[in-house]
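In what follows, a structure is listed as structure tokens, so that the remarks can point back to it.
There are 2 protein chains.
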Amino acid sequence: MISASFESWMREQLAAVEASLERWVPADAPAGLGAAMRYGVLDGGKRLRPLLVMAACEAVAGDANAALRAAVAVELIHAYSLVHDDMPCMDNDVLRRGKPTVHVQFGEASAMLAGDAMQALAFEVLTPDASDELAMPALLQARLCGLLARAAGHDGMAGGQAIDLASTGKPLDEVRLRDMHRRKTGALLQASVLMGAASGPCDPAVWAALSDYGTALGLAFQVVDDILDVTQASDKLGKTAGKDLDANKPTYVTVLGLDEARRQAHTLHETALAALQRSGLAQADRLQLLADLVVDRDC
Amino acid sequence: MISASFESWMREQLAAVEASLERWVPADAPAGLGAAMRYGVLDGGKRLRPLLVMAACEAVAGDANAALRAAVAVELIHAYSLVHDDMPCMDNDVLRRGKPTVHVQFGEASAMLAGDAMQALAFEVLTPDASDELAMPALLQARLCGLLARAAGHDGMAGGQAIDLASTGKPLDEVRLRDMHRRKTGALLQASVLMGAASGPCDPAVWAALSDYGTALGLAFQVVDDILDVTQASDKLGKTAGKDLDANKPTYVTVLGLDEARRQAHTLHETALAALQRSGLAQADRLQLLADLVVDRDC
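Protein sequence lines correspond, in order, to chains A and B.
Counting from 1, position 266 in the first sequence corresponds to residue 266 in the working numbering; the numbering is continuous, with no gaps.
Counting the second sequence from 1 gives a position; the working numbering is that position plus 299.
Below, the structure is given as structure tokens:
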């Protein structure tokens, strides 16, 4: 049960993120590139990562304009990864958020280029020049770029995708499954929290606690995703259900069984909340509610 | 005719760039990702962009360690664009620098992920944290990230690729051809010069002159590329010759004819040298020699 005040906070944040994406993803990029980029990122998705950025910013009383840029950048990276992941040479998925995927709508070459340009755009958004009305200190720009690049790259999301690709049809033990998911989804979720935290004052102990919160939340998200993949229908998920099973990919459910996967989701939820407690932040209730949402969601 | 001292300078710079790439492109990235990344960027290519970064750094008496990072980052972006550009959904090329292309060697999915991870790595290299032995001021990190992202994205390289893709088989007038190439190859070559210039003190007039040098050099490079595509054999180029003609793509040669293309290359060369003159920089001779090299090369 989501409280009215949390729901209204979420609506407000999402409106700001949507308006910023609308502003920053260029409609006029040449030769249909802008249209493919906008199709891939506007008007869709749960926007969990932007919400984590904004909630972490609030928790440290950070700069909301800087956090909004970080939120847009993180969502651009997430959206580009979905565009590339859906392509025929990867998961070959035709449905995403209830719509044809980008490569189905615009062709494979445009989908690849749109994803490439979205990744670059994320770093453009994080580096406003001095003439920009919403400039950010250079130190913050550099930190945000560094956090995002590391979460997106070989030690993060792209590395996780590579393991995912290589593990199809192969048994994976729990340790390696966890490593895959730490990189594939966990790194960017954790970076969302830390990029929000970077927008304000944050001492090393608080940073470490928020980092632990992000790690636990990132893994919890993936365990729940794997559970929903086998327990929900496609129309509810807005994407093809059961596709990991069909593709013979190892998941928390196939490796641990449904009951143990549910138990782990519960434990990770507790770990995330304990880390928040440890942070000592007075304004961490939105981060707590987002952790609840990640574990209790049904799509 | 390249002088011995210029050749020895180039050899020295290339050795440093190669060693840095070797250090920063991770051999241990998971599931073959590191191998595909290293195959795509190590031990090949003319390294023109890194040389431009280092020469511009020298011209402004900049920080050579920072410039080396910029050189590596620019080359990673260039190399990733080749990996993606060679894929079946784009140019479908099987030969690059005399070797099988990345997707031929490692498969399409690995090629796409390697390219994605190389783009992220470029921004990782530009944002060393304080513990790094070769730290850079945050202001410089932010500027370099901003220059690189804009050159790589929708208004730069990715946008140029999109126009290229859409213009196959269509007549393109000289203005639109120039816009395509300004983005597709010009933006990153110009950014190479400016990233080198950012590594040291550089007043606005010098910056503007170097920016003009970069624009002219970038276009000259592409005009010469188009000329070589019809006048040289594949084994000399290390890639498939005549492929633009075969693909029915507009080039400077098809739009202007060979003689006029050669005349334009000459004019652009003069424009680049005039801009260098205007910069008033005393140490600009390496930039001048690189402009000569771009126009006089035969591969």
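By construction, the Cβ of each residue, glycine as well, lies at the ideal position given by its N, Cα and C atoms.
Only a predicted model underlies this, so the values are computations on that prediction, with no experimental measurement involved.
So, under 8 angstroms CB-CB, residue i and residue j are touching, yes? Tell me the CB distance rounded to an integer number of Å.
| i | j | result |
| --- | --- | --- |
| A66/A | M10/A | Not quite, the Cβ-Cβ distance comes to about 20 angstroms (not below 8 angstroms), so this is no contact. |
| A198/A | R143/A | 5 angstroms |
| A574/B | Y512/B | 4 angstroms |
| R293/B | V424/B | This structure gives no information on residue 293/B, because the portion of chain B shown stretches from 300 to 598. |
| A272/A | A291/A | 5 angstroms |
| F84/A | M389/B | In the sequence as presented, Phe is not what sits at residue 84/A; that position holds His. Going by Cβ atoms, the distance from H84/A to M389/B rounds to 13 angstroms, so no, they are not a contact pair. |
| A71/A | P50/A | 4 angstroms |
| R396/B | G344/B | 6 angstroms |
| A437/B | A19/A | Not a contact, Cβ separation roughly 29 angstroms. |
In the DSSP assignment, the alpha helix (DSSP H) including residue i goes from what residue to what residue?
| i | result |
| --- | --- |
| D322/B | Residue identity check: residue 322/B is Arg in the sequence provided, not Asp. Here the alpha helix (DSSP H) through R322/B covers A303 to W323. |
| P503/B | P503 to T530 |
| L435/B | In the sequence as displayed, the identity of residue 435/B is Met instead of Leu. First-last for M435/B: undefined, no H or E at that position. |
| G414/B | E407 to V424 |
| C356/B | L347 to A358 |
| V294/A | D285 to D296 |
| N65/A | A64 to D85 |
| S578/B | L557 to S578 |
| H480/B | E473 to H480 |
| R300/A | This structure leaves residue 300/A out entirely; chain A is present only between 1 and 299. |
| L42/A | Unbroken run through L42/A: none, as it is neither H nor E. |
| D155/A | Run containing D155/A: none; DSSP gives neither H nor E here. |
| S192/A | A187 to A198 |
Can you tell which of the options has its C-alpha closest to the C-alpha of residue i?
| i | options | result |
| --- | --- | --- |
| L447/B | D428/B, A326/B and E374/B | E374/B |
| L567/B | E407/B, R477/B, A315/B and F305/B | R477/B |
| G302/A | V224/A, D292/A, R47/A and L194/A | This structure does not reach residue 302/A, given that chain A is present from 1 up to 299, and the question cannot be answered. |
| A130/A | A120/A, Q141/A and D116/A | Q141/A |
| Q222/A | K170/A, H84/A and V294/A | V294/A |
| Y252/A | A36/A, G107/A and R176/A | R176/A |
| V529/B | D597/B, L488/B, A486/B and A465/B | D597/B |
| D226/A | A209/A, K249/A, S211/A and I2/A | K249/A |
| S192/A | F106/A, T168/A and G146/A | G146/A |
| G495/B | H453/B, S510/B and L527/B | S510/B |
| A354/B | S319/B, F305/B, G485/B and L487/B | F305/B |
| S167/A | S409/B, L351/B and A330/B | A330/B |
| G218/A | D93/A, M90/A, A187/A and H84/A | A187/A |
| A519/B | G499/B, Q489/B and L313/B | Q489/B |
| L464/B | R348/B, M386/B and F405/B | M386/B |
| A122/A | L228/A, R286/A and V25/A | V25/A |
| D285/A | D244/A, R23/A, D296/A and L52/A | L52/A |
| E569/B | T553/B, A334/B, S409/B and T514/B | T514/B |
| R562/B | Q531/B, L588/B and D595/B | D595/B |
| H154/A | P427/B, G452/B and A335/B | A335/B |
| A59/A | L228/A, P201/A, Q232/A and T254/A | P201/A |
| A28/A | L320/B, A303/B and I462/B | For clarity, residue 28/A is Asp in the given sequence; the question names Ala instead. For the residues L320/B, A303/B and I462/B, the minimum Cα distance to D28/A belongs to I462/B. |
| D93/A | D244/A, T254/A and L287/A | D244/A |
| A372/B | E321/B, F405/B, G406/B and L586/B | E321/B |
May I ask whether a heavy atom of the ligand SAH can be found less than 6 angstroms away from the beta carbon of residue i?
| i | result |
| --- | --- |
| A590/B | Absent from the structure shown: the ligand SAH. Ligands present: none. |
**Study point:** the stretch 392-408 of chain B touching the stretch 549-559 of chain B, judged by at least three CB pairs closer than 8 angstroms
**Key:** Flag = no, the stretch 392-408 of chain B and the stretch 549-559 of chain B do not touch.
Check your understanding: Which residues, taken in chain order from the stretch 47-66 of chain A, show a beta carbon closer than 8 angstroms to some beta carbon of chain B?
Key -> Listed by position, the residues of the stretch 47-66 of chain A near chain B (Cβ gap below 8 angstroms) amount to none.
Review point. If contact means a Cβ-Cβ distance below 9 angstroms, which residues of the stretch 478-509 of chain B contact chain A?
Key: Legend: CB atoms of the stretch 478-509 of chain B lying less than 9 angstroms from CB atoms of chain A belong to residues D478, M479 and R482.
Practice item. Could you say if the stretch 493-508 of chain B and the stretch 577-596 of chain B meet the contact criterion of at least three C-beta pairs nearer than 8 angstroms? Key: Two segments are said to touch when three or more pairs of C-beta atoms, one from each, lie closer than 8 angstroms; by this definition the stretch 493-508 of chain B touches the stretch 577-596 of chain B.
Review point. Is the stretch 36-52 of chain A in contact with the stretch 156-174 of chain A, if contact means three or more CB pairs nearer than 8 angstroms?
Key: By the criterion of at least three beta-carbon pairs nearer than 8 angstroms, the stretch 36-52 of chain A is not in contact with the stretch 156-174 of chain A.
Review point. Looking at chain B, which residues of the stretch 93-110 of chain A have a Cβ within less than 9 angstroms of any of its Cβ atoms?
Key: Listed in sequence order: H103, G107, E108, A109 and S110.
Point to revise | Three CB pairs or more closer than 8 angstroms across the stretch 416-431 of chain B and the stretch 376-383 of chain B | key: Flag = yes, the stretch 416-431 of chain B and the stretch 376-383 of chain B touch.
Review point. Listed from N- to C-terminal order along the chain, which residues in the stretch 159-172 of chain A have their beta-carbon within a distance smaller than 9 angstroms of any beta-carbon of chain B?
Key: If the cut-off is 9 angstroms between Cβ atoms, the stretch 159-172 of chain A has G159, G160, Q161, A162, I163, D164, L165, A166 and S167 near chain B.
Check your understanding: For the stretch 322-337 of chain B, which residues have a CB atom closer than 8 angstroms to at least one CB atom of chain A, in sequence order?
Key -> For the stretch 322-337 of chain B, the set of positions with a beta-carbon nearer than 8 angstroms to some beta-carbon of chain A reads P325, A328, P329, A330, G331, L332, G333 and M336 in chain order.
Exercise for review: Report the residues of the stretch 8-20 of chain A with a CB closer than 8 angstroms to any CB of chain B, ordered along the chain.
Suggested key: Close to chain B, meaning a Cβ-Cβ distance shorter than 8 angstroms, is no residue of the stretch 8-20 of chain A at all.
Exercise for review: Identify each residue in the stretch 146-158 of chain A for which the Cβ-Cβ distance to at least one residue of chain B is less than 9 angstroms, and report them in chain order.
Suggested key: For chain B, the residues of the stretch 146-158 of chain A that bring a beta carbon within less than 9 angstroms of one of its beta carbons are G146, L147, L148, A149, R150, A151, A152, G153, H154, D155, G156, M157 and A158, in chain order.
Point to revise | Contact set between the stretch 122-141 of chain A and chain B, restricted to residues whose Cβ is under 9 angstroms from the partner | key: The residues in question are A122, F123, E124, V125, L126, T127, P128, D129, M136, P137, A138, L139, L140 and Q141.
**Study point:** Within 9 angstroms of chain B by C-beta, residues of the stretch 73-89 of chain A in sequence order
**Key:** Cβ contacts with chain B: I77, Y80, S81, H84, M87, P88 and C89.
**Study point:** Contacting positions in the stretch 511-532 of chain B - beta carbon closer than 8 angstroms to chain A
**Key:** Residues: none.
Review point. Between the stretch 246-272 of chain A and chain B, which residues of the former have a C-beta closer than 8 angstroms to a C-beta of the latter?
Key: Residues of the stretch 246-272 of chain A with a C-beta less than 8 angstroms from any C-beta of chain B: none at all.
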